[in-house]
Amino acid sequence: MGLFSKIVDRIFHHDKAKAPSAEAPAPATASAVAPVAPAPAPTGQAPSAPAAPVDVEAVLTSMAEIDGGGGNWRTSIVDLLKLLKLDSSLQARKELADELGVHAGEAGSAEQNIALHKAVMKKLAENGGQVPDSLYN
0 MGLFSKIVDR IFHHDKAKAP SAEAPAPATA SAVAPVAPAP APTGQAPSAP
50 AAPVDVEAVL TSMAEIDGGG GNWRTSIVDL LKLLKLDSSL QARKELADEL
100 GVHAGEAGSA EQNIALHKAV MKKLAENGGQ VPDSLYN
């Protein structure tokens, strides 16, 4: 799974991460119908786009509040990745730049980091996220 897929997963499935993973089963009765288990998610595939658009700014703002600020995630790719609890190292950003086809400036430069942040936001919008223009223009 590429880094962008992990970004999508953390943002688009943020609420699911907070939900309890398993609930206590209800007591069985003679008239109870056994619940049907959900189909397992396919392995090795990128997360699918959500059924309804996800308000990316609202999710990230909520995560930042929970996390105690979130740094400057609105403009910094490093702070965005840290907020999402993903690898923000130079190597990870190089891989993300290759994945998204971002070739601005030298690896790790301010120019590349700004272009990378904008590319991530644009790609989130293309994949079902509601992203205000201010986050990628």
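Under numbering that gives the first Met the number 0, the sequence shown has 13 at position 14, and the numbering climbs by one with no breaks. Ideal Cβ placement from N, Cα and C applies to all residues, glycine included.
If you draw a 10 Å sphere on the C-beta of residue 102, you find fewer than 16 other C-beta atoms in it, and that means exposed. Of the residues assessed, residue 136 falls on the exposed side of the cut-off, its CB having fewer than 16 other CB atoms within 10 angstroms. Nearest to residue 96 by alpha-carbon distance, out of 80, 83, 65 and 115, is 115. With a 10 Å radius around the Cβ and a threshold of 16 neighbouring Cβ atoms, residue 89 comes out exposed.
Residue pairing by DSSP places residue 54 opposite 129 in a beta bridge. Beyond the five residues adjoining it in sequence on each side, residue 70 comes within less than 6 Å, by CB distance, of 78 in the same chain, given in chain order. In this structure, residue 2 places its C-beta atom within 8 Å of the C-beta atom of residue 98.
Cβ contact annotation for residue 76 (same chain, cutoff 6 Å, sequence separation greater than five): 112, 115 and 116, in chain order. Per DSSP, the unbroken alpha helix (DSSP H) holding residue 7 starts and ends at 2 to 11. Within the model, the alpha-carbon separation for residue 72 versus residue 86 is close to 14 Å. When secondary structure is reduced to three states using DSSP, residue 75 falls in the coil class, being assigned neither helix nor strand.
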